[in-house]
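Numbering-wise (the numbering used here), the sequence shown opens with residue 1162 and increments by one.
Here a beta-carbon is modelled for each residue, glycine too, at the ideal position from N, C-alpha and C.
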Amino acid sequence: MEKRKRVLIIGLDGFTWRLGRGFMSEGFMPHLAQLAEGGCCGNLKSVIPPETSPAWSSFQTGCRPGKTGVFAFHTYDRNRNKVRLNSFGDIAAPSIWELADRAGRKVVSLNMPVSSPPPKVDGIIIPGLLCPKLSTATVHPPSAYKKYIKPHKDYLIVNKDPKETAGEFTTQAIATERARMRVAIELIKDIDWDIFCVQIQSSDALQHRLWWALDASARGYCDKNRAEALTFYKFCDSALGRLVEAAGPGAVTFVISDHGFCKLEYNLSINVWLRKNGYLKLLDEPVDAWSRAKSRVKPLKSAAKLYGNIRKALQGAGNTPPYFQQDLVHIRRIIDLDNTKAFCLGGMGGIIYINGTPAERADLSKKLADELSRDLGPGSSTPVIDRIRPGVEVYPDATAVESLPDLVAEFAHGVVGVIYPLGSSAVQEADFDGKQHGTHEPEGIIVMNGPGIKNNQKLNGDLVDIVPTILAYFGIAVPRHIDGKVLSGAFVEPPRVNYVDLDFGGPSPAGYSDAEQTEVEKNLTDLGYL
């Protein structure tokens, strides 16, 4: 009789071999080293853009953003002329949780970004980033919140009061993930699961803030701060060991990251460029539009005076760190969409939407692409954009056409996007008191280990390959719409792959309230994502 198959997925957000290989060779991450050396490991290429929301949405579905419809933390609803936060309901392709459920498998997902409101599957879904608040309304089933989350007062999706020093920030990150691991171990022991997934978010936040303490070539580096930051990775490695042990020897383990990391060199605000070139208008230009917006959205009345004062101060600022803007009203509430021709969403790539008729959008799309390339592209004095292309060219197989951007700007290495349209310059050298922060790059990591997995084997893949590989491992037919491929080379005996045409419904946005969106946006700002 064939032994029961199980899959354990551990997501280390933003983890990179740039750090990992050194940590393993120095003995700081022995459990990761054991998994890598005893199995398959290599690079896992992210999606365009390599950003948390689109990346983890693509992981969950095996589809690139053109089919998930998730390109950034926010999306543009053309029908309502409104910018709003993405949710699990916006993902326009079925998830691994739903596909496994249809095949009679029980799933557990803990802290996965863009998994709220959760799908109603056989198992437990406790959402992560972009969930406004964990409660009986946002955890599936509600009883799981009462049993696993409510008793743990220290359980957080993200810490809402991030510390500034390397030692304090690291201690805080460890505390956040220690609480998560307590819940993970309870779940892994209590539930009779087939697929178990836990995501560690603090690795990404820490690398954004403390890259200067991790990379010896970064400005501000010193051995003392590295020693402090390393305690977080030692904790993560210990957590890997505990999870693998709790899952048991029969489980196949995946350790993955949604993207990699590198030194941050420049901040780029395409929205500042658009504003200065007359394509983007703010709600207080003219004052009438700002007044109309205040009358439509009650929270804006109290925020208006604060926003006006901050805006005046920031427009004269030459170098505004993106981490300290939590008092700003979010871009979705300050752009005058009625009079704006183009605006940009996305922090790790320019997701540009253009207003107008289809013909007007096509004409302006070419004009903007030419002008942005001239001013910010490879041949310019500030080459912060590698290339800019129409959305239909970047995502040629797109099915989520309603949310497809008109243009996609792929940033140069070491560039991060700042979506606020304020400031005097579109491009600013990233300098935080002489300490060099981090930003995303496309190459994440993959490690596979367990029964039937090859030993000491190099393995490279794409983030979208994880779902079809897991489905094939379980003998579940892979839907033809999936973009990823089965990583057959990881297996001693490659699984037989069957394909199936699958009918599924379109997206069903969550409809978060303004207050709920604001709460999520504050969390994203605290982490340095906005």
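Buried or exposed: residue i, going by 16 or more other Cβ atoms within 10 Å of its Cβ?
i       : result
Thr1481 : At Thr1481 the pLDDT is 33, less than 50, meaning the model places this residue with poor confidence; the figure from the coordinates comes in the next sentence. Thr1481 should be labelled buried.
Asn1320 : buried
Tyr1237 : buried
Thr1518 : exposed
Cys1202 : buried
Pro1120 : Any property of residue 1120 remains undetermined from this structure, which presents the chain solely from 1162 to 1691.
Lys1385 : exposed
Glu1602 : buried
Arg1165 : exposed
Ala1591 : buried
Pro1640 : buried
Ser1270 : buried
Asp1322 : exposed
Asn1516 : buried
His1369 : buried
Phe1665 : exposed
Arg1179 : buried
Arg1436 : buried
Gly1181 : buried
Pro1557 : exposed
Ala1676 : exposed
Gly1552 : buried
Asp1351 : exposed
Which one or two residues does DSSP pair with residue i in a beta bridge?
i       : result
Pro1288 : Met1273
Arg1550 : Val1569
Ile1512 : Leu1506, Val1569
Cys1358 : Ile1170, Ser1270
Asp1238 : Lys1243
Met1609 : Cys1201, Phe1415
Gln1589 : Asn1428
Val1576 : Tyr1427
Val1640 : The sequence given here has Pro at residue 1640, not Val. According to DSSP, which records beta bridges pairwise, Pro1640 is partnered with Val1661.
Quick check on this structure: which residue in the options has the alpha carbon closest to the alpha carbon of residue i?
i       : options                            : result
Ile1257 : Cys1224, His1301, Ile1515          : Cys1224
Gly1605 : Thr1213, Gly1611, His1420, Gly1511 : His1420
Glu1571 : Thr1331, Gly1538, Tyr1581, Asp1675 : Gly1538
Leu1525 : Ile1310, Leu1441, Ser1674          : Leu1441
Thr1560 : Gly1510, Gly1667, Pro1640          : Gly1667
Ser1248 : Ala1671, Ser1418, Lys1307, Trp1217 : Ala1671
Ile1310 : Ile1352, Ala1591, Val1344, Arg1245 : Val1344
Arg1494 : Thr1679, Met1185, Ala1194          : Thr1679
Asp1315 : Leu1295, Lys1350, Glu1329          : Leu1295
Ala1390 : Ile1631, Asn1621, Gly1328          : Gly1328
Ile1349 : Val1282, Val1268, Leu1498          : Val1268
Val1661 : Ala1676, Asp1675, Leu1632          : Leu1632
Gly1540 : Lys1528, Leu1565, Ala1573          : Ala1573
Glu1187 : Val1282, Thr1543, Lys1307, Lys1395 : Lys1395
Asn1500 : Arg1263, Val1405, Lys1243, Arg1657 : Lys1243
His1235 : Pro1288, Ala1587, Ile1512          : Ile1512
Thr1297 : Pro1655, Phe1184, Ile1285          : Ile1285
Ile1346 : Glu1406, Lys1307, Gln1368, Thr1332 : Glu1406
Pro1288 : Ser1207, Arg1535, Leu1317, His1369 : Leu1317
Cys1358 : Trp1372, Thr1414, Arg1387, Gly1584 : Thr1414
Ala1194 : Val1416, Ile1252, Leu1375, Val1282 : Val1416
Pro1210 : Ile1614, Arg1535, Glu1677, Asp1547 : Asp1547
Phe1184 : Ala1676, Leu1371, Asp1262, Ala1388 : Ala1388
Gly1439 : Thr1299, Glu1532, Ala1676, Leu1565 : Glu1532
Gln1618 : Phe1176, Phe1189, Leu1196, Thr1177 : Leu1196
Pro1669 : Asp1567, Phe1176, Asp1251, Ala1374 : Reading off the sequence, residue 1669 comes out as Ser, not Pro. Ranking Asp1567, Phe1176, Asp1251, Ala1374 by Cα distance to Ser1669 puts Asp1251 first.
Thr1642 : Pro1629, Ile1607, Tyr1306          : For the sequence presented, residue 1642 should be read as His rather than Thr. Closest option to His1642, Cα to Cα, is Pro1629.
Residues in the same chain with beta-carbon distance under 6 Å from residue i, minus the five sequence neighbours each way, listed in chain order, please.
i       : result
Lys1646 : Asp1626
Ser1363 : Ala1334, Thr1337, Glu1338
Val1354 : Per the sequence shown, residue 1354 should be read as Trp rather than Val. Excluding residues within five positions, the ones whose Cβ falls inside 6 Å are Lys1267, Val1269.
Ala1587 : Ser1430, Val1433, Trp1434
Ala1254 : Thr1222, Cys1224, Lys1228, Thr1229
Val1545 : Tyr1427, Leu1429, Leu1537, Ala1573, Val1576, Val1588
Keeping to the same chain, check which residues put their C-beta closer than 8 Å to that of residue i; ignore five residues upstream and five downstream.
i       : result
Ile1361 : Ile1171, Gly1172, Leu1173, Asp1174, Asn1272, Glu1338, Arg1341, Cys1397, Ala1400
Leu1367 : Phe1330, Thr1331, Ala1334, Ala1390, Phe1393
Tell me which residues share the same chain as residue i and place their Cβ nearer than 7 Å to its Cβ, disregarding the 5 neighbours each side in the sequence.
i       : result
Ala1412 : Arg1167, Val1168, Leu1169, Gly1611
Gly1575 : Cys1423, Lys1424, Leu1425, Glu1426, Tyr1427, Thr1600
Gly1595 : Arg1380, Gly1381
Tyr1673 : Leu1246, Ser1248, Pro1293
Asn1616 : Gly1199, Gly1200
Pro1191 : Asp1398
Within the chosen definition, does the segment 1651-1658 reach the segment 1274-1287 through at least 3 CB pairs nearer than 8 Å?
-> Contact fails: fewer than three Cβ-Cβ distances are below 8 Å.
Per the contact definition of three or more C-beta pairs closer than 8 Å, is the segment 1208-1226 in contact with the segment 1497-1510?
-> By the criterion of at least three beta-carbon pairs nearer than 8 Å, the segment 1497-1510 is in contact with the segment 1208-1226.
The segment 1369-1388 in contact with the segment 1402-1411 per 3-pair CB rule at 8 Å | Inter-segment contact for the segment 1369-1388 and the segment 1402-1411 is absent: fewer than three beta-carbon pairs are separated by less than 8 Å.
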